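Protein chains in written order, with the working numbering: chain A, 89 to 461; chain B, 89 to 461; chain C, 89 to 461; chain D, 89 to 461.
Some notes on the structure that comes next.
Number of protein chains: 4
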Amino acid sequence: MKTARVFRLSMAHPGDLSELENLITSGTVAASDVVAIIGKTEGNGGVNDFTRGYFTQTLMALLSKHLNKPAAQLIHEIPCVLSGGTEGVMSPHYSVFCIGEADASTRQYPSALAIGTAFSAPVAAEDVGRRAHVESVTAAVREAIANAGIEKLDDVHFVQVKCPCVTVARAAAAIAAGKTPLTNDPNKSMAFARAAGAFGVALALGEIKPGDFKESSLLSDFTIQSPRASISSGVEVESNEVIVLGNSPAWAGPLRISHRQMSDALDICGIVDVLADLDIPARPQVTAADADRIACVLVKCEPDRRGKIRSNRHTMLDDTDINAQRHIRGAVAGLVAGVVGDGRIFVSGGAEHQGPDGGGLIAVIASQARGNA
Amino acid sequence: MKTARVFRLSMAHPGDLSELENLITSGTVAASDVVAIIGKTEGNGGVNDFTRGYFTQTLMALLSKHLNKPAAQLIHEIPCVLSGGTEGVMSPHYSVFCIGEADASTRQYPSALAIGTAFSAPVAAEDVGRRAHVESVTAAVREAIANAGIEKLDDVHFVQVKCPCVTVARAAAAIAAGKTPLTNDPNKSMAFARAAGAFGVALALGEIKPGDFKESSLLSDFTIQSPRASISSGVEVESNEVIVLGNSPAWAGPLRISHRQMSDALDICGIVDVLADLDIPARPQVTAADADRIACVLVKCEPDRRGKIRSNRHTMLDDTDINAQRHIRGAVAGLVAGVVGDGRIFVSGGAEHQGPDGGGLIAVIASQARGNA
Amino acid sequence: MKTARVFRLSMAHPGDLSELENLITSGTVAASDVVAIIGKTEGNGGVNDFTRGYFTQTLMALLSKHLNKPAAQLIHEIPCVLSGGTEGVMSPHYSVFCIGEADASTRQYPSALAIGTAFSAPVAAEDVGRRAHVESVTAAVREAIANAGIEKLDDVHFVQVKCPCVTVARAAAAIAAGKTPLTNDPNKSMAFARAAGAFGVALALGEIKPGDFKESSLLSDFTIQSPRASISSGVEVESNEVIVLGNSPAWAGPLRISHRQMSDALDICGIVDVLADLDIPARPQVTAADADRIACVLVKCEPDRRGKIRSNRHTMLDDTDINAQRHIRGAVAGLVAGVVGDGRIFVSGGAEHQGPDGGGLIAVIASQARGNA
Amino acid sequence: MKTARVFRLSMAHPGDLSELENLITSGTVAASDVVAIIGKTEGNGGVNDFTRGYFTQTLMALLSKHLNKPAAQLIHEIPCVLSGGTEGVMSPHYSVFCIGEADASTRQYPSALAIGTAFSAPVAAEDVGRRAHVESVTAAVREAIANAGIEKLDDVHFVQVKCPCVTVARAAAAIAAGKTPLTNDPNKSMAFARAAGAFGVALALGEIKPGDFKESSLLSDFTIQSPRASISSGVEVESNEVIVLGNSPAWAGPLRISHRQMSDALDICGIVDVLADLDIPARPQVTAADADRIACVLVKCEPDRRGKIRSNRHTMLDDTDINAQRHIRGAVAGLVAGVVGDGRIFVSGGAEHQGPDGGGLIAVIASQARGNA
């Protein structure tokens with residue numbers, strides 16, 4: 089039966105894949121085991137963040153060398169989801185998701201981490217942030233769930249989607265071709281793309297139905313949320329790339345995933361609760377021994393668009409110097425890293441419709457405690 | 089006997105003192121009770137942060153109107169210590185420290201919050217960050233301790249000093265006058281000024297002796313620390329402004345202060361411990377009822393200059409887009425605000441020599457629990 | 089007959105009005121002569137730029153002291169138009185526009201600089217950027233033209249309007265009151281407010297008629313332009329503040345104004361031409377003697393929203409680190425300052441509908457050459 | 089005899105070398121002709137600007153494919169000097185310097201553009217910005233001049249050096265190894281590295297002698313300048329990479345180079361003069377026909393460290409939001425681009441010792457006018 093492994097690796101700069109290369113060279117990982125990457129690079133996380141493209145180019149060149157497949161092909165087979173911006177205490181790192189075979193007789197736990205991936209067709213510039221985009225995401229998420237072999241939608245805990253957006257150049261090209269992009273403001277486009285991704289995940293997970301929303305609901309009706317969606321958007325992709333993470337009795341291995349909603353940017357309870365789900369106490373910090381059991385921490389967050397957090401004014405949305413997403417990532421990462429005692433966490437902004445306004449979600453993958461066997 | 093009151097007030101912008109005006113107009117506070125202000129304004133916290141000057145001008149005009157004293161005089165009588173930068177979840181606010189008289193017969197607790205203030209003479213541009221600056225701070229801190237009526241140095245928990253620094257213009261003027269400023273880089277000057285402040289506090293509190301350091305120890309020998317010093321630096325002051333906060337049996341009232349070191353930027357234990365000192369549990373978050381007892385949270389922090397936090401690389405010091413102090417303030421504020429459930433916290437960067445490298449300190453003022461009476 | 093004087097003064101920081109104070113104290117200027125201020129302060133020029141409020145508060149306190157009128161009244165009588173952002177070679181400064189009386193018998197030139205000002209009623213948050221906003225501007229501009237005594241609309245060369253915008257807080261308040269602001273994104277609101285200002289000026293100058301545009305034309309139909317409008321927007325004003333500058337035979341004095349369109353950000357010809365209009369050659373730089381004749385340089389500019397300048401891609405609109413308006417101000421100021429040899433120039437971004445896309449306008453006030461008398 | 093060609097190519101993003109690929113694929117350029125690259129990428133130009141590494145990786149992979157040499161070898165053979173930061177009107181682009189053979193009988197001009205390159209050995213972290221670094225640069229520049237076949241030092245017009253600097257990580261590693269880097273502040277290190285480069289060029293060109301300076305003269309004695317040095321510094325190189333450009337009778341072809349000092353950031357005369365040297369008038373802008381003759385524009389500039397430009401205060405050095413180098417690049421590029429009518433110009437900050445304080449240099453390569461033959 090299948091078994092998932094997750095390696096959390098550090099990088100010295102966005103083009104540094106030496107830790108993965110070492111794992112491959114030493115035989116710990118076969119290049120063909122690698123099915124997905126989720127990472128944080130030290131860019132600004134905005135339209136002009138090229139650290140993601142740099143990392144991806146380097147990764148694909150590395151895998152290409154070991155797999156004897158062209159990088160241009162791999163880029164459409166292995167989702168590489170990077171979130172730029174390691175504000176504050178975050179440490180640049182990437183998690184490598186691998187699938188291997190395990191002997192069913194050795195399984196220790198009734199269910200284990202399951203992984204599935206999928207790619208949609210390219211999304212046209214004029215479709216970004218529109219219903220066609222939503223539907224494109226939904227189809228890809230369903231394919232990834234099937235690919236993971238997860239039968240119950242409740243067993244899905246985290247759906248990462250990387251959506252394309254428009255740049256000024258792409259918008260201009262579309263306009264020149266007689267098309268009408270939703271916006272030619274790249275930051276706005278990224279927001280609409282993330283909304284489309286969240287709606288697409290919600291549809292795929294049965295949390296909403298096609299008739300529950302209109303195109304205009306995107307970025308306006310924030311009661312529509314998917315508490316398991318984690319959407320990024322960036323200039324470097326043209327199709328939706330999907331990674332589904334859940335638990336399944338069809339998979340073996342010690343890893344398990346859980347998720348919780350974060351109700352706002354101060355919701356330390358959500359963090360402590362998701363750790364408790366995995367039998368990891370935080371009083372107030374996870375012990376070093378338990379921290380070693382944690383394989384991956386995935387967080388989405390968002391500056392509250394009402395301008396206040398628990399009735400106190402925040403200044404993130406009115407700041408012309410620092411982008412609001414950089415503000416919120418730095419703050420929430422400070423909180424999560426303080427609880428888990430480790431800065432190698434994936435905290436991504438832009439959580440529109442991926443939890444309550446001003447909040448988001450946290451998912452953690454950890455080895456199951458021995459006593460659970 | 090004397091009693092201290094602390095009002096934590098919000099502002100809509102750096103020139104908005106309406107909440108204090110309301111307190112004065114309504115008679116809750118007499119303008120003459122106000123002895124010090126500590127606040128966070130929404131600037132960048134750097135040399136070109138004019139939100140501090142704007143707030144100060146507005147404050148002094150307000151008090152001038154009510155006290156019938158010129159603003160130009162008040163500015164040398166009432167320390168107004170502002171830290172720019174409300175990154176992430178921080179909310180712009182200011183704490184007004186007031187001293188009143190209480191009938192000794194009504195006292196509830198054996199000791200209570202005590203406040204003392206002092207101003208040094210102006211510091212010349214060429215002295216900033218040098219031994220003369222250190223000594224100037226020491227003398228002012230001693231004066232403020234005496235002024236607070238605190239007899240035991242152990243009862244001092246927090247010494248806030250606002251130190252002058254050089255700007256490019258001030259440095260140029262000094263050079264034109266034949267003087268040699270330590271640096272003409274304003275950000276560097278602010279760092280040296282903060283170091284001088286910390287050394288000055290350490291001397292005043294007896295933590296170090298004059299022979300324990302050389303001028304070159306500033307910003308180089310980080311074993312020299314004062315765990316109770318909180319130093320700011322800014323272009324808007326020319327002399328050292330000192331606020332001493334401690335507990336004293338000579339004071340009445342429900343308030344009490346405690347402090348703890350933060351060993352690094354992930355040290356949630358230091359936060360939980362200082363709250364426990366004041367009988368405020370955080371499991372994991374302070375309850376709303378206990379949060380109401382908290383009058384003021386004061387934090388200093390610093391990006392670890394070794395480039396790592398608990399062996400993982402951070403990117404704060406190499407970032408040309410966002411100043412390192414803005415990074416660390418946002419991260420540490422995210423952690424502290426998550427524990428106390430409130431973004432109205434004073435988190436100030438630039439903690440050189442004010443705790444271990446990469447760490448800092450946290451002090452909390454809270455009403456004593458009823459059972460303590 | 090009336091005569092206009094313009095003093096271009098430097099400041100050490102946004103609260104430094106000492107040069108104006110010196111002029112008043114020395115008797116060069118009577119406080120009652122001051123009718124308007126246009127200046128550049130060293131903020132970021134965005135929603136959270138409080139240098140403008142700081143300067144304004146200081147200015148009004150100064151004038152209040154000398155005029156014995158409350159600052160709160162003066163702020164509705166004397167337009168103080170500040171543009172934040174002294175990127176690159178720009179030097180923080182402010183131009184003080186004064187009106188005095190001249191003996192008609194001494195006049196040297198057939199016409200001279202004329203100044204008029206006006207204030208509209210406050211603009212509601214939900215009206216910002218809408219037709220009601222346009223009409224409010226138009227009425228105020230007409231009042232200012234009348235106020236200047238300019239009879240021919242062709243003699244109007246520069247109409248400065250400072251328009252209110254929404255902040256996150258104002259938008260939230262309006263929504264809570266059941267109103268629908270055009271946007272709750274403050275930067276977007278500032279852009280719509282500038283568009284409304286430009287349409288209002290175009291209407292007042294007869295460049296367009298009310299039926300020539302729809303509300304949706306704002307920020308979408310860029311063929312609608314007023315080549316004499318200079319619009320700023322900021323959080324610190326609630327009504328439209330208007331300053332009209334032109335030439336009039338009813339005014340005496342040596343000063344004269346001219347303006348030219350800048351067709352794009354590289355249009356050095358527009359700069360040289362407007363100087364030539366005033367008999368000031370630039371080959372390639374204005375001589376020091378001629379530079380002394382220049383009293384004020386006023387420029388509006390805008391990053392080309394098509395993403396290219398003369399077929400080469402620019403990166404201003406895709407930059408998450410530096411706001412696009414800061415980029416363009418720095419570049420255009422570099423060009424204008426290089427021609428005039430002086431960094432004390434007013435270069436303001438946000439030139440939507442105030443010239444061609446990617447371009448803007450330049451107006452210069454200078455003393456007329458002796459030979460012209 | 090040898091002939092130089094220069095191709096100025098645009099890029100859609102830092103990993104886009106498609107225009108060069110097209111030239112190679114179409115046979116216009118042989119990969120083996122390429123001897124150097126100088127370009128502007130759209131990063132921040134600071135320590136954490138990874139657009140340079142991304143471009144370089146892409147370039148070397150492209151050349152590797154066509155030359156059948158490993159990229160790791162090419163990187164030590166072909167200097168790739170990139171300056172991050174396309175502030176304002178600058179357009180991301182790169183100039184490809186190629187050397188070919190020309191039949192001596194067809195030569196049109198008595199001398200023509202000559203190119204030489206060289207690489208030094210790696211510079212240790214503790215040597216960066218010290219005399220050893222200076223000497224390493226000098227040796228490499230001499231090698232490049234010889235390599236170009238330029239016999240008279242007066243014929244050298246532009247010496248580009250890319251110097252290594254320390255990052256926080258490199259500095260920490262050096263310290264751990266018992267070494268003492270000059271600074272562990274990466275931005276400071278970049279400045280010292282640029283100073284060492286300028287001193288090295290001045291020595292190589294005979295402008296100064298070894299006894300003319302002390303190690304402490306770097307970044308302190310600004311009377312020491314090389315008006316032909318253009319130094320960059322970045323994290324992505326470990327040795328000094330040198331490109332020498334000059335004119336030589338030993339070379340054929342239409343191209344010619346000239347250079348001028350820029351005395352300050354407003355020195356439009358320097359720009360017009362260097363164009364005049366090449367028979368290109370700018371009245372005030374270069375005509376489209378003449379603009380086509382321009383192959384490359386190379387500029388160095390620097391914010392005046394005395395805080396003023398022609399007696400007016402600038403704010404570049406006191407800005408915590410935008411790095412001073414980004415400010416000055418945007419301003420000077422605005423001026424130069426306005427004169428040449430083209431944003432594809434190389435404007436690089438950090439001109440310490442590469443011209444007068446606050447100024448810099450400009451070099452232009454252009455085809456010689458027909459009449460010159």
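Built from N, CA and C at the ideal position, the CB exists for glycine as well.
Note that this is a predicted model, so its numbers are computed, not measured.
> Run through DSSP, which three-state label would A/A474 get?
Replying inline: Residue 474 of chain A is absent from the structure shown; chain A starts at 89 and stops at 461.
>> Restricting to Cα atoms, I'd like to know which of D/L423, D/D355 and D/A439 is closest to D/P432.
In response: A small fix is needed here, since residue 432 of chain D is Arg in this sequence, not Pro. Of D/L423, D/D355 and D/A439, the residue nearest in Cα terms is D/L423.
> Between C/H217 and the rest of its own chain, which residues show a CB-CB distance below 7 Å, the 5 nearest in sequence each way excluded?
Replying inline: According to the sequence shown, residue 217 of chain C is Gly rather than His. Answer for C/G217: L270, S277, F280, A281, A283, A284 and L306, listed in chain order.
>> Measuring straight from C-alpha to C-alpha, what distance separates D/G131 and B/D409?
In response: 10 Å
> Cβ atoms of A/I397 and A/D367: under 9 Å apart, would you say?
Replying inline: no
>> Taking the alpha-carbon of D/S199 as reference, which of D/L293, D/G237 and D/E231 has the nearest alpha-carbon?
In response: D/G237
>> So, with DSSP's three-state summary, where would you put C/N460?
In response: Because C/N460 sits at a pLDDT of 45, beneath the cut-off of 50, its placement in the model cannot be relied upon, and the following sentence gives the value as read from the coordinates. DSSP places C/N460 in helix when its eight states are reduced to three.
> How would you write the range of the alpha helix (DSSP H) that D/E214 sits in, first residue to last?
Replying inline: It is not in any alpha helix (DSSP H) - D/E214 carries neither H nor E in the DSSP assignment.
> Applying the criterion that 16 or more other CB atoms from any shown protein chain within 10 Å of the CB defines a buried residue, is D/R371 buried or exposed?
Replying inline: exposed
> Quick one: is A/N275 buried, meaning 16 or more other Cβ sit within 10 Å of its Cβ, or exposed?
Replying inline: buried
> For a contact meaning CB atoms closer than 9 Å, what does A/D409 contact in chain D?
Replying inline: T408, D409 and I410
>> Does the structure place the segment 110-124 of chain A close enough to the segment 411-418 of chain A that three or more beta carbon pairs sit under 8 Å?
In response: no
>> Taking DSSP's pairing of strands, which residues face B/M350 in a bridge?
In response: B/G448
>> Using a Cβ-Cβ cutoff of 8 Å, what residues of the segment 124-151 of chain A are near chain B? List them in chain order.
In response: E130 and N132
> Going straight from the alpha carbon of A/N460 to that of A/E107, what length do you get?
Replying inline: No answer about A/N460 holds up, because its pLDDT of 45 lies below 50 and its placement is not dependable.
> Would a C-beta distance cut-off of 9 Å place A/A232 and A/V330 closer than the cut-off?
Replying inline: yes
>> For the alpha helix (DSSP H) containing B/K240, name the first residue and the last one.
In response: Per DSSP, B/K240 belongs to no alpha helix (DSSP H) and is neither H nor E.
> Measuring CB to CB, does C/G438 end up less than 9 Å from C/S321?
Replying inline: yes
> Does DSSP put C/C357 in a helix, a strand or coil?
Replying inline: helix
> Using the beta-carbon of each residue, which ones in chain C are nearer than 8 Å to B/G103?
Replying inline: F138, G141, Y142 and Q145
> Given B/K250, which residues of its chain have a CB within under 6 Å of its CB, disregarding the five upstream and five downstream residues?
Replying inline: V169, S320, V325 and E329
> At a CB-CB cut-off below 7 Å, which residues of chain B make contact with A/C357?
Replying inline: P372 and Q373
> What is the rounded straight-line gap between the Cα of C/L111 and the Cα of C/L97?
Replying inline: 10 Å
> How long is the line joining the alpha carbons of B/E470 and C/V254, rounded to whole angstroms?
Replying inline: Outside the modelled stretch of chain B, which goes from 89 to 461, sits residue 470 of chain B, for which no answer is possible.
>> Helix, strand or coil, according to DSSP, for D/S327 in the structure here?
In response: strand
> For D/E107 and chain B, any beta-carbon pair shorter than 9 Å?
Replying inline: no
> Comparing alpha-carbon positions, which option in A/R394, A/T144 and A/I453 lies nearest C/A262?
Replying inline: A/R394
> Would you say D/D430 and C/L162 are within 9 Å of each other, going by their C-beta atoms?
Replying inline: no
> So, using beta-carbon positions, are A/L343 and A/I453 closer together than 9 Å?
Replying inline: yes
>> If I measure Cβ to Cβ from B/A317 and keep anything under 6 Å in the same chain, skipping five residues before and after, which residues do I get?
In response: V247, A286, V289 and Q442
> Relative to the C-alpha of D/D365, which residue among D/I356, D/K240, D/Y182 and D/R348 is closest?
Replying inline: D/R348
>> For C/P369, count the other beta carbons within 10 Å of its own beta carbon; 16 or more makes it buried, fewer makes it exposed. Which is it?
In response: exposed
> Taking 9 Å as the CB-CB cut-off, is A/A264 touching chain D?
Replying inline: no
> Are the Cβ atoms of B/A425 and A/G176 separated by less than 9 Å?
Replying inline: no
>> Quick check on A/L241: buried or exposed, where buried means 16 or more other Cβ atoms within 10 Å of its Cβ?
In response: exposed
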